[in-house]
Amino acid sequence: MDSPHAPAGAKLRKALRQWIPQILLLAAALGLLWWLGHNVLENMRARGIQAGFGFLKEPAGFEIGESLLDYTPSQAIWRAFLVGLLNTIRVALPAIVLATILGTLIGLGRLSQQSGLRAACGVLVESLRNIPLLLQLLLCYFVLTSLLPEASTAWHPLPGVMLSQSGLFLPAWRCEGACHWELPRLEGFGIEGGFALTPEYLAVLITLTLYAAVFIAEIVRGGIQSVSIGKINAARALGMKPTQILRYIVLPLALRAIVPALTNQYLNLTKNSSLAVAVGYPDIVSVANTSLNQSGRAFECIVIVMLIYLCLSLLTALLMNLYNTRVALKGSQ
Amino acid sequence: MISTSLRRLLPLALALGALTSPAAHAGKTIDAIKQRGSVQCGVSSGVAGFSLPDSQGHWSGLDVDVCRAIAAAVLGDANKVAFVPLNSQQRFSALQSGEVDLLARNTSWTLTRDASLGLSFTGVTYYDGQGFLVPKKLKVTSAKQLKNAEICVQSGTTNEKNLADYFRNLNIKVKPVVFEGFEASFKAFFAGRCQAYTTDISGLAGIRNKEAPKPDDYVILPEVISKEPLSPAVRRGDDEWFAIVRWVPFALIEAEEYGITRANVDSLRASSKDPGIQRLLGTGEDSGKLLGLDRDWAYRAIKAGGNYGEIFSRNVGPDSVLKLPRGLNNLWNKGGILYAPPIR
Ligand SMILES: N[C@@H](CCC(=O)N[C@@H](CS)C(=O)NCC(=O)O)C(=O)O
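Structure, rendered in structure tokens:
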């Protein structure tokens, strides 16, 4: 049949066949979500539990120990959430950077020609990745707090730097009218001024970094080992220098194996930062827990935290995918 | 018993439960308890004087004794209680989701909790207030000297908010260090991370005596910055169960007023001619029937652990390590504010 309408009709039918199931699936998913949400609210009402997101506008009423924003208890709960979110990012982002650097070094260490270095890196990897993160975190925190002196007898490792149980205090560049270096100083029972990294922050940062680093080390090692020796030999035969081989042959090939796995580690690290609440670091989970308890809106607070982690994860994955498409070699190895 | 880490997921479990299950029926708690043969009682995970397990897993404390008295009244056996340790954050979800039948867990009665969490407070069993514990060597004598101090506090408590209120009013800056777990919070304090620890004064006395490396190195400051009326709580919507949890502690207070003790309860039941005592111990009118219990309910509750005064002195008063004064928790006619409505 060569009527011009037949192919158009077939195309339409094909499109319908393709789309109708998808639309039905989407409708079913939305319907299910609606039904679940409706049930939640209905049941909570029946049990006398109040529901709704209006509480986010109420004053928070609680202090938060450390904050990147100006924050006082009279501000709204949503702002407290924001403070918590920034605190999560403030610890997760540096940990990702540090873990990547450290992990790469350890991974290279495991491939080193020196047996001592190789063994040391091996021991580090095996011991850290086989101990639950929460235990490492608590251990690190209590070691930190019991080793350090009290605020009143803080150590001064460098001029303008104070180290004590209240944390690591560094000079800060402050601009109120004129700009100047503000030095930390003892005032009342604590240390005032300067730029402070609390023991809670340090403990979370250190443990997250180390824990992710040993996994990254394995990924880096695996990635490099996946580059077949034949390719390297070929490059040598072409007269490439070792640095050139690394730059143009090994790295591009290895990164293709490394980057997707690295994304997983970054996602894990960010989610693992939720353990911070165990040592009193006011991350998003800690703030949500407090709000949850002060307002009684358990369901809502959990939903918010889940959405925030989802967004953080999607964002990380997106950035990593962009990076991946840029660095990874096309085609098969 | 589910592990503590799993219980962190309780709010989620509650939410998932609410996703699917139909609304709870009223009046069913007592049936469930009888069928199960034990009362599920939510207590703290270990506050000396209120609820603390020993090395054999045997619980003791004021909150624990309240639960035992209720089990004795309802099931006829004070030992038919399953204690479920809950930290400050988990407690309300555990009650809402039905994991426990009641909370007897140093929990302050506040409007927000009473009106929005789907639970009801049954009546104060301990009048408390929030205070501060500090190391003696800091030579602090008043909370007003805590300028710039770091203060350890547990999250999910009224204490967190009171702390902010109090120092905001005084225009003094302090820094809270907020822990999810009780143990982590006081460990950090005793390690020197904070210059002060804040919670209910009874709780302070508990950690000072039970957890401090040297109790004498720490003092409780004189300021009492809040009202913390500690009360058991039950889920809303089950009036029969609510009434029982409300009236058993009243019976214990009433018993003290009448001078009925664990030691003399049997002889008084056999011989007392006082109509009030007869009513309470089930030899006069049957007060139990009205609560859906038998006539000996209060007798058994008193027999289980003694009257309120006995429970107090054994767990937190002169016969305990805490040695807390009776203060507000004395009977209304002895200078306190404990006042049980008449059992008649
Ligand atoms: N009464 C206050 C505080 C009660 C409270 O939870 N106190 C802490 C510190 S003493 C506690 O009991 N922790 C024990 C635990 O989490 O298991 C409230 O109801 O919020």
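From first to last, the protein sequence lines are chains A and B. Mapping the first sequence onto numbering that gives the first Met the number 0, position 51 (from 1) lands on 50, and the numbers just tick up by one. Mapping the second sequence onto numbering that gives the first Met the number 0, position 29 (from 1) lands on 28, and the numbers just tick up by one. Glycine included, every Cβ here is placed at the ideal spot set by N, Cα and C.
query	result
What would DSSP say about Ile218 of chain A, mapped onto helix, strand or coil?	helix
CB Leu292 of chain B to CB Ala72 of chain B, shorter than 8 Å?	yes
Around the C-beta of Thr106 of chain B, are 16 or more other C-beta atoms found within 10 angstroms, so that it is buried, or is it exposed?	buried
Where does Asn332 of chain B land, buried or exposed, given buried means 16+ other C-beta within 10 angstroms?	exposed
Can you check whether the C-beta of Gln194 of chain B is within less than 8 Å of a C-beta belonging to chain A?	yes
Give me whichever residues DSSP pairs with Pro259 of chain A in a beta bridge.	None; Pro259 of chain A has no bridge partner.
For the 8 Å Cβ check, are there 3 or more pairs between the region 183-194 of chain B and the region 105-122 of chain B?	no
Applying the 10 Å Cβ sphere with the 16-neighbour rule, what's the burial state of Glu256 of chain B?	buried
Kindly list, in the order they appear in chain B, the residues whose Cβ is closer than 8 Å to that of Ser145 of chain A.	Ala190, Gly191
Report the CB separation of Tyr196 of chain B from Cys151 of chain B in whole angstroms; it is logged as a contact under 8 Å.	5 Å
Any heavy atom of ligand 2 inside 7 Å of the beta-carbon of Asp64 of chain B?	With respect to small molecules bound, the structure shown includes ligand 1 and not ligand 2.
Counting only C-beta atoms, is Ser312 of chain A closer than 8 Å to chain B at any point?	no
Could you check what DSSP says for Val223 of chain B in three-state terms: helix, strand or coil?	coil
Pull out every residue of the region 282-295 of chain A whose Cβ sits closer than 8 Å to any Cβ of chain B, in chain order.	Ser285, Asn288, Thr289, Leu291, Asn292, Gln293, Ser294, Gly295
Specify the secondary structure class of Lys288 of chain B as computed by DSSP and reduced to three states.	helix
For a test of your reading of the model: does the CB of Gly45 of chain B fall under 7 Å from any non-hydrogen atom of ligand 1? Yes or no.	yes
Helix, strand or coil: which one does DSSP assign to Ala153 of chain A?	coil
Considering just the uninterrupted stretch of the beta strand (DSSP E) at Glu57 of chain A, what are its terminal residues?	From DSSP, Glu57 of chain A is part of no beta strand (DSSP E); its letter is neither H nor E.
By the three-class DSSP mapping on this structure, what secondary structure does Trp33 of chain A have?	helix
If you draw a straight line from the C-alpha of Glu62 of chain A to the C-alpha of Ala163 of chain B, how long is it?	6 Å
Quick one: list the residues of chain A neighbouring Lys146 of chain B, beta-carbon separation under 9 Å, in chain order.	Glu186, Gly187, Phe188, Gly189
May I have the straight-line CA-CA distance separating Glu355 of chain B from Asn271 of chain A, to the nearest angstrom?	In this structure chain B extends from 0 to 343, so residue 355 of chain B is not present and cannot be described.
Which first and last residues belong to the beta strand (DSSP E) in which Leu196 of chain A is found?	194-196
Just to check my reading of the structure: Leu196 of chain A and Leu167 of chain A have Cβ atoms closer than 8 Å, yes? What is that Cβ distance to the nearest angstrom?	4 Å
Arg268 of chain B by DSSP, collapsed to three states: which one?	helix
For Ala335 of chain A, does the count of other Cβ atoms within 10 angstroms reach 16, so buried, or fall short, so exposed?	Nothing in the structure corresponds to residue 335 of chain A, since chain A is present only between 0 and 332.
Across which residues does DSSP place Gln129 of chain B in a beta bridge pair?	B:Asp199
Please list the residues of the region 28-50 of chain A that have a C-beta atom closer than 8 Å to any C-beta atom in chain B, keeping them in chain order.	Leu35, Asn38, Val39, Glu41, Asn42, Met43, Ala45, Arg46, Gly47, Ile48, Gln49
With DSSP collapsed to three states, give me the class of Met0 of chain B.	With a pLDDT of 37 at Met0 of chain B, under the threshold of 50, the modelled position of this residue cannot be trusted, and the question is left open.
Could you list which residues in chain A have their beta carbon closer than 9 Å to that of Gly45 of chain B, in chain order?	Near Gly45 of chain B there are no residues of chain A at all, since even the closest Cβ is about 17 Å away, more than 9 Å.
Taking the C-alpha atoms as reference points, what is the distance between Leu85 of chain B and Phe166 of chain B?	29 Å
If you follow the alpha helix (DSSP H) that Val142 of chain A is in, where does it begin and where does it stop?	132-146
Less than 7 Å between the CB of Glu210 of chain B and some heavy atom of ligand 1, yes or no?	no
For Ala148 of chain B, name the three-state secondary structure that DSSP assigns.	coil
Could you tell me whether the Cβ of Pro259 of chain A comes closer than 8 Å to any Cβ of chain B?	no
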